[in-house]
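Right, one structure below, let's go through it.
Here's what the structure looks like:
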(Lines of atoms letter the chains of each structure in order from A and count residues from 1; the text may use other names and numbers.)
(Lines give C-alpha, C1' and ligand atoms only; values in the text may rest on other atoms or scores of the structure.)
Protein backbone atom coordinates (compact mmCIF):
# COMPACT_ATOMS: atom_id res chain seq x y z
CA UNK A 1 0.00 0.00 0.00
CA UNK A 2 1.44 3.35 -1.06
CA UNK A 3 0.69 6.45 0.99
CA UNK A 4 -0.32 9.61 -0.89
CA UNK A 5 -0.49 13.31 -0.10
CA UNK A 6 -3.80 12.59 1.62
CA UNK A 7 -1.79 10.76 4.30
CA UNK A 8 0.84 13.48 4.81
CA UNK A 9 0.52 16.08 7.57
CA UNK A 10 2.12 18.82 5.52
CA UNK A 11 1.96 22.01 7.58
CA UNK A 12 5.40 23.01 8.80
CA UNK A 13 6.94 19.87 7.30
CA UNK A 14 10.06 20.04 5.13
CA UNK A 15 9.42 17.79 2.16
CA UNK A 16 11.86 16.64 -0.50
CA UNK A 17 9.87 16.27 -3.72
CA UNK A 18 11.38 14.25 -6.57
CA UNK A 19 9.93 15.35 -9.90
CA UNK A 20 10.82 14.55 -13.51
CA UNK A 21 11.26 17.82 -15.39
CA UNK A 22 13.83 16.51 -17.87
CA UNK A 23 13.02 18.81 -20.80
CA UNK A 24 14.22 19.90 -24.25
CA UNK A 25 16.76 22.72 -23.92
CA UNK A 26 17.40 25.66 -26.28
CA UNK A 27 20.87 26.72 -27.41
CA UNK A 28 21.02 29.30 -24.60
CA UNK A 29 20.49 26.56 -21.98
CA UNK A 30 16.92 27.65 -21.25
CA UNK A 31 13.77 25.53 -21.45
CA UNK A 32 12.37 24.85 -24.90
CA UNK A 33 9.29 23.01 -23.57
CA UNK A 34 7.75 23.24 -20.09
CA UNK A 35 5.21 20.40 -20.42
CA UNK A 36 6.91 18.24 -17.81
CA UNK A 37 7.07 21.10 -15.33
CA UNK A 38 3.37 21.82 -15.78
CA UNK A 39 2.59 18.18 -15.03
CA UNK A 40 3.92 18.61 -11.47
CA UNK A 41 2.24 21.92 -10.67
CA UNK A 42 -0.72 20.29 -8.90
CA UNK A 43 1.52 18.36 -6.51
CA UNK A 44 3.81 21.29 -5.73
CA UNK A 45 0.97 23.81 -5.41
CA UNK A 46 -0.93 21.53 -3.02
CA UNK A 47 2.09 21.10 -0.76
CA UNK A 48 2.76 24.83 -0.71
CA UNK A 49 -0.88 25.78 -0.14
CA UNK A 50 -0.90 23.39 2.83
CA UNK A 51 2.12 25.30 4.25
CA UNK A 52 4.73 22.70 3.45
CA UNK A 53 8.39 23.63 3.00
CA UNK A 54 9.32 22.17 -0.37
CA UNK A 55 12.76 21.21 -1.68
CA UNK A 56 12.56 20.06 -5.30
CA UNK A 57 14.88 17.34 -6.59
CA UNK A 58 15.21 16.56 -10.30
CA UNK A 59 17.62 15.62 -13.06
CA UNK A 60 18.19 17.21 -16.46
CA UNK A 61 19.96 15.50 -19.36
CA UNK A 62 22.82 13.03 -19.29
CA UNK A 63 26.51 13.64 -18.56
CA UNK A 64 28.23 14.89 -21.70
CA UNK A 65 24.98 15.69 -23.50
CA UNK A 66 23.86 19.07 -24.82
CA UNK A 67 20.90 19.08 -22.41
CA UNK A 68 23.03 18.42 -19.31
CA UNK A 69 22.46 21.84 -17.73
CA UNK A 70 21.59 23.39 -14.38
CA UNK A 71 18.02 23.69 -13.11
CA UNK A 72 18.12 27.48 -12.75
CA UNK A 73 15.79 28.10 -15.70
CA UNK A 74 13.48 25.36 -14.39
CA UNK A 75 13.19 27.24 -11.10
CA UNK A 76 12.40 30.46 -12.93
CA UNK A 77 9.65 28.78 -14.94
CA UNK A 78 8.23 27.10 -11.84
CA UNK A 79 7.97 30.55 -10.24
CA UNK A 80 5.73 31.61 -13.11
CA UNK A 81 3.67 28.41 -13.09
CA UNK A 82 3.14 28.44 -9.32
CA UNK A 83 2.56 32.17 -9.11
CA UNK A 84 5.09 32.64 -6.31
CA UNK A 85 8.87 32.95 -5.93
CA UNK A 86 10.80 29.70 -6.25
CA UNK A 87 14.42 29.86 -5.13
CA UNK A 88 17.30 28.00 -6.73
CA UNK A 89 20.56 26.84 -5.21
CA UNK A 90 23.46 25.51 -7.27
CA UNK A 91 24.04 22.59 -4.92
CA UNK A 92 22.18 19.39 -4.11
CA UNK A 93 23.36 17.95 -0.79
CA UNK A 94 26.28 20.14 0.37
CA UNK A 95 26.28 22.66 3.22
CA UNK A 96 24.91 25.29 0.83
CA UNK A 97 22.00 23.03 -0.14
CA UNK A 98 21.21 22.12 3.47
CA UNK A 99 21.30 25.78 4.49
CA UNK A 100 18.87 26.67 1.68
CA UNK A 101 16.50 23.93 2.85
CA UNK A 102 16.77 24.93 6.53
CA UNK A 103 15.97 28.54 5.62
CA UNK A 104 12.61 27.62 4.08
CA UNK A 105 9.51 29.07 5.73
CA UNK A 106 6.04 27.53 5.54
CA UNK A 107 4.82 27.76 1.93
CA UNK A 108 8.33 28.32 0.50
CA UNK A 109 9.96 26.34 -2.31
CA UNK A 110 13.56 25.85 -3.44
CA UNK A 111 14.90 23.91 -6.45
CA UNK A 112 18.13 22.05 -5.70
CA UNK A 113 20.74 21.52 -8.38
CA UNK A 114 20.57 18.83 -11.09
CA UNK A 115 20.98 15.54 -9.24
CA UNK A 116 22.96 14.06 -12.13
CA UNK A 117 25.76 16.56 -11.58
CA UNK A 118 26.84 13.94 -9.03
CA UNK A 119 28.04 10.54 -10.22
CA UNK A 120 26.03 8.57 -7.66
CA UNK A 121 22.78 9.70 -9.26
CA UNK A 122 23.79 8.22 -12.59
CA UNK A 123 24.31 4.76 -11.07
CA UNK A 124 21.79 2.10 -10.04
CA UNK A 125 21.73 0.84 -6.44
CA UNK A 126 19.71 -1.45 -4.23
CA UNK A 127 17.67 0.76 -1.87
CA UNK A 128 19.73 -0.06 1.23
CA UNK A 129 22.95 0.87 -0.57
CA UNK A 130 21.35 3.96 -2.11
CA UNK A 131 20.49 5.11 1.42
CA UNK A 132 24.21 5.28 2.20
CA UNK A 133 25.13 7.56 -0.71
CA UNK A 134 26.39 11.11 -0.15
CA UNK A 135 23.20 12.52 -1.67
CA UNK A 136 20.87 10.73 0.73
CA UNK A 137 23.06 11.12 3.82
CA UNK A 138 23.51 14.80 3.00
CA UNK A 139 19.79 15.56 2.63
CA UNK A 140 18.16 13.27 5.18
CA UNK A 141 18.98 15.50 8.20
CA UNK A 142 17.10 18.50 6.76
CA UNK A 143 14.03 16.65 5.44
CA UNK A 144 11.02 15.43 7.39
CA UNK A 145 9.35 13.54 4.54
CA UNK A 146 9.78 12.56 0.91
CA UNK A 147 7.33 12.72 -2.01
CA UNK A 148 7.98 10.95 -5.30
CA UNK A 149 6.07 12.48 -8.20
CA UNK A 150 8.58 11.35 -10.84
CA UNK A 151 6.70 8.47 -12.46
CA UNK A 152 8.69 8.92 -15.68
CA UNK A 153 11.85 7.93 -13.78
CA UNK A 154 10.24 5.22 -11.64
CA UNK A 155 11.93 2.41 -13.57
CA UNK A 156 15.32 3.69 -12.34
CA UNK A 157 17.00 2.70 -9.07
CA UNK A 158 18.98 5.84 -8.26
CA UNK A 159 19.55 7.43 -4.82
CA UNK A 160 16.99 10.22 -5.16
CA UNK A 161 14.38 7.65 -6.22
CA UNK A 162 15.02 4.65 -3.96
CA UNK A 163 17.45 5.86 -1.30
CA UNK A 164 15.45 8.70 0.24
CA UNK A 165 12.24 6.64 0.67
CA UNK A 166 14.31 4.04 2.51
CA UNK A 167 15.09 6.51 5.32
CA UNK A 168 12.15 8.95 5.29
CA UNK A 169 8.36 8.72 5.56
CA UNK A 170 7.42 8.69 1.88
CA UNK A 171 4.40 9.41 -0.29
CA UNK A 172 3.26 9.37 -3.90
CA UNK A 173 2.61 12.77 -5.47
CA UNK A 174 -0.47 13.39 -7.58
CA UNK A 175 1.24 12.50 -10.89
CA UNK A 176 2.59 9.25 -9.47
CA UNK A 177 -0.77 8.44 -7.89
CA UNK A 178 -2.67 9.01 -11.14
CA UNK A 179 -0.23 6.98 -13.24
CA UNK A 180 -0.36 4.01 -10.89
CA UNK A 181 -4.15 4.14 -10.73
CA UNK A 182 -4.54 4.16 -14.53
CA UNK A 183 -1.69 1.92 -15.70
CA UNK A 184 -2.07 -0.46 -12.80
CA UNK A 185 -5.66 -1.28 -13.70
CA UNK A 186 -5.43 -1.98 -17.44
CA UNK A 187 -6.96 -5.42 -16.92
CA UNK A 188 -10.08 -3.74 -15.53
CA UNK A 189 -10.75 -1.71 -18.67
CA UNK A 190 -13.47 -2.73 -21.13
CA UNK A 191 -12.89 -5.09 -24.03
CA UNK A 192 -12.17 -5.37 -26.92
CA UNK A 193 -8.75 -4.00 -25.95
CA UNK A 194 -6.26 -2.93 -28.66
CA UNK A 195 -2.56 -2.14 -28.23
CA UNK A 196 -0.83 0.08 -30.80
CA UNK A 197 2.95 -0.34 -30.63
CA UNK A 198 5.15 1.90 -32.74
CA UNK A 199 8.31 3.95 -32.44
CA UNK A 200 11.80 2.56 -32.11
CA UNK A 201 11.78 0.86 -28.69
CA UNK A 202 11.64 -2.54 -30.30
CA UNK A 203 12.71 -4.76 -27.41
CA UNK A 204 10.36 -3.06 -24.96
CA UNK A 205 7.47 -3.23 -27.42
CA UNK A 206 7.99 -6.94 -28.03
CA UNK A 207 8.08 -7.46 -24.25
CA UNK A 208 4.74 -5.66 -23.96
CA UNK A 209 3.22 -7.63 -26.83
CA UNK A 210 4.33 -10.97 -25.37
CA UNK A 211 2.99 -10.04 -21.96
CA UNK A 212 -0.44 -8.75 -22.96
CA UNK A 213 -1.06 -11.50 -25.51
CA UNK A 214 -0.01 -14.29 -23.16
CA UNK A 215 -2.20 -12.87 -20.37
CA UNK A 216 -5.17 -12.33 -22.64
CA UNK A 217 -5.12 -8.57 -22.07
CA UNK A 218 -5.01 -7.71 -25.78
CA UNK A 219 -7.54 -8.63 -28.43
CA UNK A 220 -5.33 -7.06 -31.12
CA UNK A 221 -1.82 -5.61 -31.36
CA UNK A 222 -1.26 -3.13 -34.18
CA UNK A 223 2.37 -2.50 -35.16
CA UNK A 224 3.94 0.56 -36.79
CA UNK A 225 7.19 2.51 -36.97
CA UNK A 226 10.46 0.62 -36.53
CA UNK A 227 8.55 -1.94 -34.45
CA UNK A 228 6.31 -2.62 -37.45
CA UNK A 229 9.33 -2.92 -39.75
CA UNK A 230 10.91 -5.52 -37.47
CA UNK A 231 7.71 -7.58 -37.51
CA UNK A 232 7.50 -7.29 -41.31
CA UNK A 233 11.03 -8.64 -41.71
CA UNK A 234 10.21 -11.39 -39.21
CA UNK A 235 7.23 -12.24 -41.44
CA UNK A 236 9.51 -12.66 -44.45
CA UNK A 237 9.01 -9.24 -46.09
CA UNK A 238 12.05 -7.75 -47.86
CA UNK A 239 12.03 -4.08 -46.85
CA UNK A 240 15.21 -3.34 -48.77
CA UNK A 241 18.68 -2.55 -47.56
CA UNK A 242 17.97 0.93 -46.21
CA UNK A 243 15.36 -0.13 -43.65
CA UNK A 244 17.15 -3.39 -42.85
CA UNK A 245 20.49 -1.64 -42.35
CA UNK A 246 18.88 0.83 -39.94
CA UNK A 247 17.47 -2.03 -37.85
CA UNK A 248 20.87 -3.72 -37.84
CA UNK A 249 22.74 -0.51 -36.96
CA UNK A 250 20.42 0.08 -34.01
CA UNK A 251 21.17 -3.37 -32.62
CA UNK A 252 17.67 -4.72 -33.26
CA UNK A 253 18.61 -7.64 -35.48
CA UNK A 254 18.19 -10.19 -32.68
CA UNK A 255 14.68 -8.86 -32.07
CA UNK A 256 13.59 -10.23 -35.45
CA UNK A 257 13.77 -13.78 -34.11
CA UNK A 258 11.72 -12.77 -31.07
CA UNK A 259 9.15 -11.13 -33.32
CA UNK A 260 9.00 -14.27 -35.47
CA UNK A 261 8.39 -16.42 -32.38
CA UNK A 262 5.62 -14.06 -31.31
CA UNK A 263 4.00 -14.24 -34.72
CA UNK A 264 4.10 -18.03 -34.55
CA UNK A 265 2.42 -18.01 -31.15
CA UNK A 266 -0.09 -15.17 -31.56
CA UNK A 267 0.02 -14.08 -35.18
CA UNK A 268 -3.76 -14.11 -35.50
CA UNK A 269 -3.95 -11.15 -33.13
CA UNK A 270 -0.97 -9.14 -34.46
CA UNK A 271 -1.55 -6.73 -37.34
CA UNK A 272 1.35 -5.71 -39.59
CA UNK A 273 1.55 -2.71 -41.95
CA UNK A 274 0.18 -3.43 -45.42
CA UNK A 275 1.90 -0.48 -47.08
CA UNK A 276 4.53 2.10 -46.20
CA UNK A 277 5.50 5.61 -47.25
CA UNK A 278 8.98 6.31 -48.59
CA UNK A 279 10.91 9.41 -49.59
CA UNK A 280 11.00 9.47 -53.38
CA UNK A 281 12.22 12.53 -55.28
CA UNK A 282 11.65 14.69 -52.21
CA UNK A 283 8.00 13.66 -51.77
CA UNK A 284 5.90 11.06 -50.02
CA UNK A 285 5.33 7.93 -52.07
CA UNK A 286 3.32 4.92 -50.85
CA UNK A 287 4.03 1.30 -51.76
CA UNK A 288 2.63 -2.06 -50.71
CA UNK A 289 5.11 -3.82 -48.44
CA UNK A 290 5.60 -6.55 -51.04
CA UNK A 291 6.23 -3.99 -53.77
CA UNK A 292 9.28 -2.36 -52.22
CA UNK A 293 12.29 -2.59 -54.53
CA UNK A 294 14.98 -4.90 -53.17
CA UNK A 295 18.54 -3.77 -52.63
CA UNK A 296 19.39 -0.11 -52.07
CA UNK A 297 15.83 1.17 -52.02
CA UNK A 298 14.13 3.85 -50.00
CA UNK A 299 13.57 3.60 -46.24
CA UNK A 300 10.08 2.98 -44.87
CA UNK A 301 9.28 6.29 -43.14
CA UNK A 302 5.60 5.91 -42.24
CA UNK A 303 2.64 3.59 -42.58
CA UNK A 304 0.57 4.08 -45.73
CA UNK A 305 -3.08 4.80 -46.41
CA UNK A 306 -4.13 1.17 -46.78
CA UNK A 307 -2.65 0.36 -43.38
CA UNK A 308 -4.36 3.36 -41.83
CA UNK A 309 -7.72 2.27 -43.16
CA UNK A 310 -7.16 -1.29 -41.92
CA UNK A 311 -6.12 -0.10 -38.45
CA UNK A 312 -9.07 2.31 -38.24
CA UNK A 313 -11.47 -0.59 -38.82
CA UNK A 314 -9.88 -2.51 -35.96
CA UNK A 315 -10.09 0.52 -33.69
CA UNK A 316 -13.76 1.13 -34.51
CA UNK A 317 -14.70 -2.01 -32.60
CA UNK A 318 -12.45 -1.29 -29.60
CA UNK A 319 -13.56 -0.14 -26.16
CA UNK A 320 -10.01 0.42 -24.89
CA UNK A 321 -6.83 1.35 -26.74
CA UNK A 322 -3.31 1.62 -25.35
CA UNK A 323 -0.85 3.42 -27.63
CA UNK A 324 2.92 3.74 -27.42
CA UNK A 325 5.28 5.11 -30.03
CA UNK A 326 4.73 7.08 -33.24
CA UNK A 327 3.80 5.39 -36.51
CA UNK A 328 6.64 6.96 -38.45
CA UNK A 329 9.07 9.85 -38.74
CA UNK A 330 6.49 12.37 -37.56
CA UNK A 331 9.11 15.14 -37.28
CA UNK A 332 9.07 15.33 -41.09
CA UNK A 333 5.83 16.91 -42.36
CA UNK A 334 5.70 14.41 -45.22
CA UNK A 335 5.60 11.48 -42.81
CA UNK A 336 3.44 12.72 -39.96
CA UNK A 337 0.23 11.38 -41.53
CA UNK A 338 0.31 7.92 -39.98
CA UNK A 339 0.92 9.16 -36.44
CA UNK A 340 -1.57 12.00 -36.66
CA UNK A 341 -4.44 10.02 -38.19
CA UNK A 342 -3.90 6.85 -36.17
CA UNK A 343 -3.82 8.69 -32.86
CA UNK A 344 -6.68 10.95 -33.89
CA UNK A 345 -8.81 7.84 -34.57
CA UNK A 346 -7.96 6.55 -31.09
CA UNK A 347 -9.49 9.63 -29.44
CA UNK A 348 -12.96 8.35 -30.46
CA UNK A 349 -12.56 5.22 -28.33
CA UNK A 350 -14.17 5.31 -24.84
CA UNK A 351 -10.87 4.60 -23.03
CA UNK A 352 -7.65 5.77 -24.72
CA UNK A 353 -4.34 5.56 -22.85
CA UNK A 354 -1.11 6.93 -24.30
CA UNK A 355 2.37 5.94 -23.17
CA UNK A 356 4.56 8.95 -22.48
CA UNK A 357 8.07 9.99 -23.49
CA UNK A 358 8.49 10.40 -27.24
CA UNK A 359 4.84 9.58 -27.85
CA UNK A 360 3.62 12.47 -25.71
CA UNK A 361 6.10 14.78 -27.45
CA UNK A 362 4.81 13.69 -30.85
CA UNK A 363 1.22 14.39 -29.87
CA UNK A 364 2.09 17.84 -28.53
CA UNK A 365 3.92 18.64 -31.75
CA UNK A 366 1.01 17.40 -33.87
CA UNK A 367 -1.65 18.99 -31.69
CA UNK A 368 -3.60 15.76 -31.19
CA UNK A 369 -5.72 15.88 -28.01
CA UNK A 370 -8.69 14.16 -26.42
CA UNK A 371 -7.22 11.02 -24.79
CA UNK A 372 -8.43 9.56 -21.52
CA UNK A 373 -4.88 9.53 -20.13
CA UNK A 374 -1.48 10.59 -21.45
CA UNK A 375 1.30 9.11 -19.35
CA UNK A 376 4.31 11.18 -18.33
CA UNK A 377 6.60 8.16 -18.64
CA UNK A 378 7.73 6.15 -21.65
CA UNK A 379 9.98 3.43 -20.23
CA UNK A 380 8.13 3.37 -16.91
CA UNK A 381 4.77 3.04 -18.65
CA UNK A 382 6.02 0.15 -20.78
CA UNK A 383 7.32 -1.69 -17.73
CA UNK A 384 4.00 -1.28 -15.96
CA UNK A 385 2.19 -2.66 -19.00
CA UNK A 386 4.29 -5.83 -18.73
CA UNK A 387 3.40 -6.08 -15.02
CA UNK A 388 7.06 -5.64 -14.03
CA UNK A 389 7.81 -3.90 -10.76
CA UNK A 390 9.22 -0.37 -10.80
CA UNK A 391 12.08 0.17 -8.31
CA UNK A 392 10.90 3.61 -7.23
CA UNK A 393 7.35 2.35 -6.69
CA UNK A 394 8.59 -0.63 -4.66
CA UNK A 395 10.62 1.79 -2.54
CA UNK A 396 7.45 3.77 -1.80
CA UNK A 397 5.62 0.58 -0.87
CA UNK A 398 8.36 -0.32 1.61
CA UNK A 399 8.93 3.18 3.01
CA UNK A 400 8.55 4.03 6.70
CA UNK A 401 5.38 5.96 7.51
CA UNK A 402 4.34 8.74 9.83
CA UNK A 403 0.85 8.96 11.37
CA UNK A 404 -1.87 9.78 8.82
CA UNK A 405 -2.81 13.40 8.33
CA UNK A 406 -5.72 14.74 10.36
CA UNK A 407 -9.07 14.82 8.56
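Numbering (my numbering), first residue to last: 51 to 457. C-beta atoms are modelled at their ideal positions from N, C-alpha and C, and glycine is treated no differently.
Contact under 8 angstroms by Cβ, residue i with residue j
i: residue 365; j: residue 393; result: no
i: residue 93; j: residue 197; result: yes
i: residue 143; j: residue 109; result: no
i: residue 290; j: residue 342; result: yes
i: residue 349; j: residue 293; result: yes
i: residue 240; j: residue 369; result: yes
i: residue 192; j: residue 213; result: no
i: residue 211; j: residue 222; result: no
i: residue 367; j: residue 242; result: yes
i: residue 131; j: residue 86; result: no
i: residue 375; j: residue 277; result: yes
Residue i: first and last residue of the uninterrupted beta strand (DSSP E) it sits in
i: residue 55; result: Neither: residue 55 is in no beta strand (DSSP E) and is coded neither H nor E.
i: residue 76; result: Taken as a continuous stretch (DSSP letters only), residue 76 belongs to no beta strand (DSSP E), as it is neither H nor E.
i: residue 375; result: Residue 375 -> no beta strand (DSSP E), and no H or E assigned at all.
i: residue 288; result: From DSSP, residue 288 is part of no beta strand (DSSP E); its letter is neither H nor E.
i: residue 247; result: 243-247
Top-ranked residue by Cα proximity to residue i, from the options
i: residue 274; options: 214, 447, 356 and 448; result: 356
i: residue 118; options: 351, 72 and 188; result: 72
i: residue 334; options: 344, 340, 351 and 320; result: 351
i: residue 432; options: 272, 398 and 204; result: 204
i: residue 207; options: 77, 331, 232 and 180; result: 180
i: residue 481; options: 314, 279, 441 and 299; result: Residue coverage of the chain in this structure runs from 51 to 457, which leaves residue 481 outside it and unanswerable.
i: residue 386; options: 225, 438, 327 and 136; result: 327
i: residue 233; options: 425, 308, 448 and 124; result: 425
i: residue 286; options: 310, 295 and 300; result: 310
i: residue 246; options: 231, 237, 312 and 271; result: 271
i: residue 446; options: 147, 216 and 152; result: 216
i: residue 324; options: 404, 299, 330 and 281; result: 281
i: residue 382; options: 338, 448 and 412; result: 412
i: residue 104; options: 76, 151 and 251; result: 151
i: residue 224; options: 57, 320, 125 and 303; result: 57
i: residue 251; options: 75, 301 and 106; result: 301
Neighbourhood of residue i by C-beta, 6 angstroms cutoff - its chain only, sequence neighbours within 5 removed
i: residue 41; result: Coverage of the chain is limited to positions 51 through 457, which leaves residue 41 absent and any answer about it impossible.
i: residue 84; result: 127
i: residue 157; result: 98 and 101
i: residue 407; result: 428
i: residue 219; result: 195, 450, 451 and 452
i: residue 91; result: 131
i: residue 441; result: 207 and 212
Coarse secondary structure for residue i, derived from DSSP in three states
i: residue 340; result: helix
i: residue 457; result: Confidence is the limiting factor: at residue 457 the pLDDT is only 40, short of 50, which leaves the residue's position unreliable and the question unanswerable from this model.
i: residue 434; result: helix
i: residue 279; result: helix
i: residue 329; result: strand
i: residue 206; result: coil
i: residue 352; result: strand
i: residue 402; result: strand
i: residue 442; result: helix
i: residue 86; result: helix
Span of the alpha helix (DSSP H), counted from its first residue to its last, around residue i
i: residue 95; result: 91-99
i: residue 41; result: Residue 41 falls outside the range modelled here, since the chain spans only 51 to 457, and no answer is possible.
i: residue 105; result: Residue 105 -> not in any alpha helix (DSSP H); beta strand (DSSP E) instead, spanning 103-107.
i: residue 364; result: 355-366
Cut-off 7 angstroms between Cβ atoms - residues of its own chain near residue i, not counting five sequence neighbours on either side
i: residue 121; result: 108, 110, 138, 161, 163 and 164
i: residue 113; result: 166 and 172
i: residue 377; result: 248, 274, 275, 352, 353, 388, 389 and 392
i: residue 436; result: 257, 258 and 261
Proximity test, Cβ basis, 8 angstroms: residue i and chain B
i: residue 404; result: Note that chain B does not occur in the displayed structure, where there is just one protein chain.
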